[in-house]
Amino acid sequence: MPEHIQLPFLETKISLFDLQNLEKKGFFRTIFIELLKADKIKNVIPNELQINQTKQELCFKYNFDQIKNKKDNEFLIHDLNKEICKLASLKKLSLDKFSSQAEKIFKIRKDYHYDQYFYSLLRNKNKSQIFEFYYQIESNESNINDLSKEYSSGSEKSKLGIIGPINLVNINPEIAKILKSSKDSIINDPIEINNDWYLIQREKFIPAIYSEYYENQICMELLEREFEKEYKNEYLNLMNNKLNF
0 MPEHIQLPFL
10 ETKISLFDLQ
20 NLEKKGFFRT
30 IFIELLKADK
40 IKNVIPNELQ
50 INQTKQELCF
60 KYNFDQIKNK
70 KDNEFLIHDL
80 NKEICKLASL
90 KKLSLDKFSS
100 QAEKIFKIRK
110 DYHYDQYFYS
120 LLRNKNKSQI
130 FEFYYQIESN
140 ESNINDLSKE
150 YSSGSEKSKL
160 GIIGPINLVN
170 INPEIAKILK
180 SSKDSIINDP
190 IEINNDWYLI
200 QREKFIPAIY
210 SEYYENQICM
220 ELLEREFEKE
230 YKNEYLNLMN
240 NKLNF
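Mapping to the numbering used here: the sequence shown position 64 is 63, numbers consecutive.
Quick look at the structure:
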């Protein structure tokens, strides 16, 4: 049995024990995927628009415009420019590979992952009190936001009960069902969820529209999934080759 394994992308060998330790701590995954990305984009040349868009995205994160005028930040600027080129190249690669699939995926996910909602929430364990609040709101004696500020048992009371914008995938399925079927400004009948009683009023529905933003987001997600799959396959191959040698 050989003592060492040849690592992909590197002229380096490593023992099976060290490889397993690296993998357990996540270091092998990080190293492999970064090297895989560099290999995949080495012949990819993003256009000027893609580079400028990526630069604008990173400006908010790194405050690029502020540091570029400081001489002592030349190395940081150099690293940022490298990161811009790298991300722009990955974006181009993802679009080239997956743009034909992106809109179909968007349509499948739209209702739960991309459409957004604002809603008002009042929750309390006291069933009779919740029904009393419901009748007050229905008769216009009060409104859900004032009542939530006073009586709601959750953190939403500090925001007058208002929650959002939020996607349905990120909330309780019962609440998601109510928001999807409701109309704006209509109070829902009281409902019990996990031993609490809820009043829910949908305030605003914002339907997602397919755009370049969603296309980029979906294509980059698919590319990352592909990288993850290649990493897992490579690790299994390394282990199997070593153990079967």
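Idealized CB from N, CA, C, for every residue including glycine.
Candidates the options, of which the one nearest residue i by Cα
i	options	result
residue 203	179, 80 and 147	179
residue 220	199, 152, 102 and 93	93
residue 82	102, 56, 97 and 107	56
residue 101	231, 232, 233 and 215	215
residue 44	3, 4 and 95	95
Reduced DSSP category for residue i - H, G, I as helix; E, B as strand; rest coil
i	result
residue 117	strand
residue 103	helix
residue 12	strand
residue 199	strand
residue 44	coil
residue 236	helix
residue 205	strand
residue 125	coil
6 Å CB neighbourhood of residue i in its chain, flanking five on each side removed
i	result
residue 21	27
residue 186	136 and 200
Cutoff 7 Å; reference residue i; Cβ partners in own chain excluding five residues on either side
i	result
residue 171	192
residue 130	189
residue 49	87, 90 and 91
residue 38	8
Chain B contact for residue i (CB, 7 Å cutoff)
i	result
residue 206	No chain B appears in the structure shown, which is made up of a single protein chain.
Item to complete: Evaluate the contact criterion for the stretch 108-117 versus the stretch 199-216: three or more CB pairs, one atom per stretch, below 8 Å.
Response: yes
Worksheet entry | Those runs of the beta strand (DSSP E) which lie wholly inside the stretch 153-192 and span at least 3 residues | As far as the stretch 153-192 is concerned, its whole beta strand (DSSP E) runs of at least 3 residues are 161-165 and 190-192.
Worksheet item: Quick one: any contact between the stretch 156-167 and the stretch 138-146, if contact means 3 or more CB pairs under 8 Å?
Response: yes
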